[in-house]
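Heads up: the protein sequence lines correspond to chains Z and S, in order.
Position one of the first sequence corresponds to residue 1 (the numbering used here), numbered consecutively onward.
Position one of the second sequence corresponds to residue 251 (the numbering used here), numbered consecutively onward.
Contents: one structure, followed by commentary.
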Amino acid sequence: MADQPIIEIRNLSKTYKRAHEPAIKSVSLDICPNEIFGLLGPNGAGKTTTISILCGLFSPSQGDVFIDGLNIHTDLDQIKQIVGVVPQDIALYPTLTARENLTFFGNMYGLSGKELKNRIMEYMGIFGLEKYANRIVSNFSGGMKRRVNLIAGLLHNPKIIFLDEPTVGIDVQSRIVILDYLKEINKQGTTIIYTSHYMEEAEHLCSRVAIMDRGTIISMGEPRELVAQRPEFKNLENIFIHLTGKDLRD
Amino acid sequence: MRKYFFAFRKEWLLLIRDKAGLALLFIMPMALIIISSLMQEYGWSSVTKELSVDILFVDNDKDSLGVQIRKGLLKSESFIVTDSLNHKPLTESVARGAVKKGDYLVAIVIPEGATKALQENVRFMVAKTLSGFGMYKQSMLDNLKLKDSVNIAIYFDPTIKKVFQTALIGAIKAVNYKTESELVFRSFNQEIALQMPFYKPSEVVYQEAIQFKEYFPSFREKDKIPNSVQHNVPAWTIFAMFFIVIPLTQSLIKEREEGSLFRLMTLPVKYMTLLMAKVGVYLIVCVVQTILMLLAGIFLIPLFGLPMLDLGNEYLALSIMTVIVAMASVGFGLMIGTIAKTHQQAAAFGSISIIILAAMGGLFVPLYLMPPIMRHFSEFSPMNWAMTGYYTIFLRGGSILHILPEVFRLFLFFLGTVIITALYRRFKRPMNP
């Protein structure tokens, strides 16, 4: 935590048009380089809104965000070059092959020619997809799609990567491959900001987590530290339920 | 530019992999052109050249009036005259029954003695006229009497249009007047010869002094007669071009619903570049559509017995018109695809708005058949501007200069749709370019 933060969020608020309540309220946090930072929270907590603002998709109603020293209001183009985004939905073109999808996204990140070709094959190899490079994505299993979805956000070797529930609805094998690779790139210096509903996964993967509910951060720290502070709860999931309640969320 | 190229390539691949979409874009409009041309050839012919209506003809007269009416109907090339059914000569009851059942639209029955009655009436009128010269004794005049009018019965199918009834009655009346005139002339000849032995009647062929010639003024020297093909090919081509709204909006909304837009917006590329790649692909589709439609008009449609499409000689004007109509339709698609929230909204609004604009624009029914208020509304339909432009090129032989007003209007329409799209995007996503 001694490092200069790579992401600084100051007093961030967002209220959608015609919404009665703000989606996030005065959120402030710093994320350091090389962290795996988990944003946890029930549905509607404000995780996706926070990530969307950090990616430049929505403008905040209030507050400032600095990513690697760049202001999100003025330096968005530069920010987009250094961040990778892996959305919760499979953001791929189903009628294109895996290679065609990745070639398109790679080119949009400014990669080209042999370099792009090699990177695509390298990542396809890492995620066990080399045999499927020329197959149409719509014929892939859920896990295969998730892996291609992840590769599309990693191709340009971003400094910071935002992952919105990257392991939702996939088989155990795919989940292990994805999480192992995230740990691997984190070791190499990539900062990861990650949202999930899987508390156990977050507890093992993240160096720090922030638990959000109703648009605010209600608890933040290292998972082990959070559990240690409340010995009555055995794990992060119990703390999460204690903090956010058992009420069903929309 | 490289990013544009790869975005264009992606759009192109998405389009060619969508077989159903391709069928909608290329095969359906071609089928529409052929079917509509075949259907409307009938209606168009009625206002331009011939009708080809099958008429049941019962000639109980079996004399010159019946023969002349039959000849007259055949000569007009507007009617196919049928005088027997199932190898049996027609009777009035059979003909009436066939019309009643809806098997035929019209049946004409010439009553027995019609010629005789006509001749006697003519003879009476001639004798009355000539009696003024003292040519007839009163006893002779007393023997001649004016007969009651002869009724030629015409049975119409109840669904038949008034315009067709008028046309048919007009055709029969014309034949009748001509026959009567000939009879009057012959009767005069005969009566004078009877009364004046020194008069030597000569055989004179009756000929109408006034005839009609139709002209369709155009910028070309050669007249081009409007027909269903000259109307339908440009009309359905415009319709097909505007129907690009459906696949284009689906493509935009699919990106949004499947989450690709989320990723696209986070890429270091201007969204306008991605949008323009889409525009580029769909513009090419529109132009290819038009080329195929025009080729169908030239090579395919004549195989169905319809006239061949005449493109005129102004190919540059035709190219400009096609590109500008394509721009207008793609702009319209972008606008709807951006504003609509769901596939259902886009499909419903897209297709209904196209049909309304097409109807207003005179694509389904020519403008002159519309009430004045609709003609006024048609001024606001881009499809009307497109149709007017194509008419100017195809039928009036107009050049670039002559289509400039339509080109200008369509360009403004395109510009308007792009501005609305951009403003809507900016309003919805203020941070993204």
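Backbone N, C-alpha and C define an ideal beta-carbon position, used for all residues, glycine too.
My guess is that residue i and residue j are in contact by the Cβ rule of under 8 Å, so how many angstroms apart are they, rounded?
i: F512 of chain S; j: A91 of chain Z; result: 6 Å
i: L57 of chain Z; j: T588 of chain S; result: That pair is no contact at about 16 Å.
i: I161 of chain Z; j: G153 of chain Z; result: 6 Å
i: I239 of chain Z; j: R230 of chain Z; result: 6 Å
i: P361 of chain S; j: N401 of chain S; result: 6 Å
i: L182 of chain Z; j: L205 of chain Z; result: 7 Å
i: A636 of chain S; j: V575 of chain S; result: 5 Å
i: V137 of chain Z; j: N101 of chain Z; result: 6 Å
i: P497 of chain S; j: L275 of chain S; result: 6 Å
i: F37 of chain Z; j: Y194 of chain Z; result: 7 Å
i: T499 of chain S; j: A596 of chain S; result: 4 Å
i: E115 of chain Z; j: M121 of chain Z; result: Their Cβ separation, rounded to whole angstroms, is 11 Å, which puts E115 of chain Z and M121 of chain Z out of contact at 8 Å.
i: L29 of chain Z; j: A228 of chain Z; result: Not a contact, Cβ separation roughly 21 Å.
Mind listing the chain S neighbours of residue i? Cutoff is C-beta to C-beta under 7 Å, in chain order.
i: F104 of chain Z; result: F256, K260
i: G143 of chain Z; result: Neighbours of G143 of chain Z on chain S: none; closest Cβ ~17 Å, over 7 Å.
i: D77 of chain Z; result: P518
i: E200 of chain Z; result: Those do not exist, as E200 of chain Z stays about 26 Å from chain S at its closest Cβ, beyond 7 Å.
May I have the straight-line CA-CA distance separating residue i from residue j, to the nearest angstrom?
i: I419 of chain S; j: V483 of chain S; result: 33 Å
i: E8 of chain Z; j: L533 of chain S; result: 45 Å
i: Q594 of chain S; j: G600 of chain S; result: 10 Å
i: G347 of chain S; j: F493 of chain S; result: 45 Å
i: A45 of chain Z; j: E508 of chain S; result: 22 Å
i: R659 of chain S; j: S501 of chain S; result: 27 Å
i: Q62 of chain Z; j: K25 of chain Z; result: 9 Å
i: G666 of chain S; j: S631 of chain S; result: 14 Å
i: A424 of chain S; j: S603 of chain S; result: 46 Å
i: D313 of chain S; j: K321 of chain S; result: 12 Å
i: P447 of chain S; j: L394 of chain S; result: 22 Å
i: P655 of chain S; j: L272 of chain S; result: 32 Å
i: E300 of chain S; j: K350 of chain S; result: With a pLDDT of 47 at E300 of chain S, under the threshold of 50, the modelled position of this residue cannot be trusted; read the value that follows with caution. Spanning the two alpha carbons is a distance of roughly 25 Å.
i: R252 of chain S; j: A527 of chain S; result: 11 Å
i: S112 of chain Z; j: T671 of chain S; result: 31 Å
i: H73 of chain Z; j: L54 of chain Z; result: 11 Å
i: H481 of chain S; j: G110 of chain Z; result: 49 Å
i: K234 of chain Z; j: P42 of chain Z; result: 19 Å
i: L559 of chain S; j: V479 of chain S; result: 6 Å
i: S174 of chain Z; j: N139 of chain Z; result: 16 Å
i: A364 of chain S; j: L288 of chain S; result: 39 Å
What does residue i touch in chain Z if you count any residue whose Cβ is under 7 Å from its own?
i: T516 of chain S; result: C55, G56, L57, K80, V85
i: G509 of chain S; result: P87, D89, I90, A91
i: K253 of chain S; result: N107, M108
According to DSSP, is residue i part of a helix, a strand, or is it coil?
i: L394 of chain S; result: coil
i: V529 of chain S; result: helix
i: A590 of chain S; result: coil
i: R208 of chain Z; result: strand
i: N11 of chain Z; result: strand
i: F448 of chain S; result: coil
i: P557 of chain S; result: coil
i: A45 of chain Z; result: coil
i: K366 of chain S; result: helix
i: P33 of chain Z; result: coil
i: I548 of chain S; result: helix
i: S343 of chain S; result: helix
i: T298 of chain S; result: Note that T298 of chain S scores a pLDDT of 46, beneath 50, so its modelled location is shaky and nothing firm can be said.
i: F307 of chain S; result: strand
i: A357 of chain S; result: strand
Anything in chain S within Cβ reach of residue i, meaning under 9 Å, just list it in chain order.
i: Y109 of chain Z; result: L517, P518, V519
i: S112 of chain Z; result: R252, F256
i: E100 of chain Z; result: R259, K260, L263
Starting from residue i, find everything on chain Z with Cβ-Cβ shorter than 8 Å and list it in chain order.
i: R513 of chain S; result: V85, P87, A91, F105, A152, G153
i: L275 of chain S; result: Chain Z residues near L275 of chain S: none, gap ~16 Å exceeds 8 Å.
i: L264 of chain S; result: Y93, T95, L96
i: D268 of chain S; result: T95
With respect to 8 Å, is the separation between the Cβ of residue i and the closest non-hydrogen atom of the ligand HEM below this value?
i: D353 of chain S; result: Inclusion of the ligand HEM in the displayed structure is not the case, the ligand content being empty and no account of it being possible.
Output, in chain order, the set of chain Z residues within a Cβ distance shorter than 9 Å of residue i.
i: R675 of chain S; result: Chain Z residues near R675 of chain S: none, gap ~13 Å exceeds 9 Å.
For this session: Return the residues of the region 9-34 of chain Z that lie within a Cβ-Cβ distance of less than 8 Å from chain C, sorted by chain order.
Result: Checking the listed chains, one finds no chain C in this structure; the protein chains it contains are Z and S.
Problem set entry | Entirely enclosed alpha helix (DSSP H) segments - the region 61-100 of chain Z, minimum 4 residues | 76-82
Problem set entry | Segments of 3+ residues assigned as beta strand (DSSP E) that fall wholly inside the region 650-676 of chain S | none
Problem set entry | Any beta strand (DSSP E) of 3 or more consecutive residues that is wholly inside the region 126-190 of chain Z | 160-164
Problem set entry | Unbroken stretches of the beta strand (DSSP E), 3 residues or longer, contained in the region 399-434 of chain S | 403-406
For this session: For the region 615-652 of chain S, list the beta strand (DSSP E) runs that are entirely contained and at least 3 residues long, ordered along the chain.
Result: none
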